[in-house]
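Reviewing the structure listed below.
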Amino acid sequence: AQSVTQLDSQVPVFEEAPVELRCNYSSSVSVYLFWYVQYPNQGLQLLLKYLSGSTLVKGINGFEAEFNKSQTSFHLRKPSVHISDTAEYFCAVSTSTSYGKLTFGQGTILTVHP
Amino acid sequence: EAGVVQSPRYKIIEKKQPVAFWCNPISGHNTLYWYRQNLGQGPELLIRYENEEAVDDSQLPKDRFSAERLKGVDSTLKIQPAELGDSAVYLCASSPGWEQYFGPGTRLTVT
Numbered sequence: 020a021q022s023v024t025q026l027d028s029q030v031p032v033f034e035e036a037p038v039e040l041r042c043n044y045s046s047s048v049s050v051y052l053f054w055y056v057q058y059p060n061q062g063l064q065l066l067l068k069y070l071s072g073s074t075l076v077k078g079i080n081g082f083e084a085e086f087n088k089s090q091t092s093f094h095l096r097k098p099s100v101h102i103s104d105t106a107e108y109f110c111a112v113s114t115s116t117s118y119g120k121l122t123f124g125q126g127t128i129l130t131v132h133p
Numbered sequence: 232e233a234g235v236v237q238s239p240r241y242k243i244i245e246k247k248q249p250v251a252f253w254c255n256p257i258s259g260h261n262t263l264y265w266y267r268q269n270l271g272q273g274p275e276l277l278i279r280y281e282n283e284e285a286v287d288d289s290q291l292p293k294d295r296f297s298a299e300r301l302k303g304v305d306s307t308l309k310i311q312p313a314e315l316g317d318s319a320v321y322l323c324a325s326s327p328g329w330e331q332y333f334g335p336g337t338r339l340t341v342t
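From first to last, the protein sequence lines are chains Z and X.
Going by the working numbering, the residue at position 16 of the first sequence is 35; the numbering climbs one at a time, nothing skipped.
Going by the working numbering, the residue at position 51 of the second sequence is 282; the numbering climbs one at a time, nothing skipped.
Structure (structure tokens):
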């Protein structure tokens, strides 16, 4: 079975600073990786996904993530954050043998301070 | 394109009462999911539908939870009777493939 660990439950950062949200996964088969963002009282919105191909994937709102198979990681990065990026971020994994089943991490609350 | 629609957005009930949640997926999405999200945690899958067939309901507590997806479009998730531990956000998602699109959720409070 697959699992996801988000290493930081909360990440405070100042506006215009870079940020990295860390995600590690565990799986014995090929993985498909996703980052979602959840604003207060809203559903989850897909930021980006890795299905195959280039290990560096770019998403919406200036976010990007890199799939590192040897370190089983899929960290999310943004070079310069805005106040509006304040939200909770979830890393999720699916596998080649569990099509349609997303396993989510516990979430990381990103707080951007002025 | 309209997103996933869920209703109600909020529901407060007393324990042992029944409750139902409704979901209308994005048009053309054959796959529909129900998730439960407890406070401070990521969503957990309850059930997945391919058209009108429930293909993965292994995480659905079948003693009190039931779901249906008539005609392969709208879906209803029911809890009867509700327990205090059922307080959570219930999310519906639909998908045309690998990507899942989520609705705003129904926040259930059981008192």
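Positions of the beta carbon are idealized from the N, C-alpha and C atoms, including for glycine.
Small disclaimer: the values here were computed from a predicted structure and weren't measured.
Would you report the Cα separation of residue i and residue j, rounded to the nearest angstrom?
{"i": "proline 133(Z)", "j": "glutamine 248(X)", "result": "46 Å"}
{"i": "arginine 295(X)", "j": "tryptophan 54(Z)", "result": "32 Å"}
{"i": "tyrosine 51(Z)", "j": "phenylalanine 82(Z)", "result": "18 Å"}
{"i": "glycine 273(X)", "j": "serine 103(Z)", "result": "21 Å"}
{"i": "alanine 285(X)", "j": "leucine 301(X)", "result": "11 Å"}
{"i": "glutamine 25(Z)", "j": "cysteine 42(Z)", "result": "5 Å"}
{"i": "tyrosine 241(X)", "j": "glycine 336(X)", "result": "8 Å"}
{"i": "alanine 36(Z)", "j": "valine 30(Z)", "result": "12 Å"}
{"i": "tyrosine 264(X)", "j": "leucine 276(X)", "result": "7 Å"}
{"i": "glycine 328(X)", "j": "glutamate 314(X)", "result": "34 Å"}
{"i": "proline 8(Z)", "j": "valine 38(Z)", "result": "One cannot answer for residue 8(Z) here, as it falls past the ends of chain Z, which runs 20 to 133."}
{"i": "arginine 96(Z)", "j": "lysine 120(Z)", "result": "25 Å"}
{"i": "glutamate 85(Z)", "j": "phenylalanine 252(X)", "result": "37 Å"}
So with Cβ pairs under 8 Å, would you call residue i a contact of chain X?
{"i": "lysine 120(Z)", "result": "yes"}
{"i": "glutamine 135(Z)", "result": "Coverage of chain Z is limited to positions 20 through 133, which leaves residue 135(Z) absent and any answer about it impossible."}
{"i": "phenylalanine 123(Z)", "result": "yes"}
{"i": "leucine 65(Z)", "result": "yes"}
Give the residues of chain Z in contact with residue i, contact being defined as C-beta atoms less than 8 Å apart.
{"i": "aspartate 287(X)", "result": "Gly119 and Lys120"}
{"i": "arginine 279(X)", "result": "Gly119 and Lys120"}
{"i": "leucine 339(X)", "result": "None at all; the shortest Cβ gap to chain Z is about 14 Å."}
{"i": "leucine 301(X)", "result": "None at all; the shortest Cβ gap to chain Z is about 20 Å."}
Identify the contact partners of residue i in chain Z, using a Cβ-Cβ distance below 7 Å as the criterion.
{"i": "glycine 336(X)", "result": "Gly62"}
{"i": "glycine 273(X)", "result": "Phe109, Phe123, Gly124, Gln125 and Gly126"}
{"i": "leucine 263(X)", "result": "Those within 7 Å of leucine 263(X) in chain Z number zero; the least Cβ separation is about 10 Å."}
Taking the alpha-carbon of residue i as reference, which of the options has the nearest alpha-carbon?
{"i": "cysteine 323(X)", "options": "Gly303(X), Pro292(X) and Tyr266(X)", "result": "Tyr266(X)"}
{"i": "threonine 342(X)", "options": "Gln237(X), Pro239(X) and Ile243(X)", "result": "Ile243(X)"}
{"i": "glutamate 245(X)", "options": "Ser297(X), Pro312(X) and Gly328(X)", "result": "Pro312(X)"}
{"i": "glycine 78(Z)", "options": "Val48(Z), His94(Z) and Lys88(Z)", "result": "His94(Z)"}
{"i": "asparagine 87(Z)", "options": "Leu75(Z), Pro98(Z) and Arg96(Z)", "result": "Leu75(Z)"}
{"i": "serine 289(X)", "options": "Glu34(Z), Gln125(Z), Ile128(Z) and Ser117(Z)", "result": "Ser117(Z)"}
{"i": "tyrosine 280(X)", "options": "Gly303(X), Val236(X) and Leu291(X)", "result": "Gly303(X)"}
Is the shortest distance between the beta-carbon of residue i and the beta-carbons of chain Z less than 8 Å?
{"i": "leucine 322(X)", "result": "yes"}
{"i": "glutamine 331(X)", "result": "yes"}
{"i": "leucine 343(X)", "result": "Outside the displayed span of chain X (232 to 342) sits residue 343(X), for which this structure offers no information."}
{"i": "threonine 342(X)", "result": "no"}
{"i": "leucine 291(X)", "result": "no"}
{"i": "leucine 315(X)", "result": "no"}
{"i": "leucine 270(X)", "result": "no"}
Closer than 7 Å by beta-carbon distance: list the chain X residues that pair up with residue i, in chain order.
{"i": "tyrosine 69(Z)", "result": "Simply none; closest approach about 10 Å."}
For the ligand FAD, I want to know if residue i counts as a neighbour, meaning its beta carbon is within less than 7 Å of at least one of the ligand's heavy atoms.
{"i": "proline 256(X)", "result": "In the structure on display, the ligand FAD does not appear, and there are no ligands present to speak of."}
What residues in the stretch 21-51 of chain Z have a beta carbon less than 9 Å from any beta carbon of chain X? Val23, Gln25, Ser28 and Tyr51
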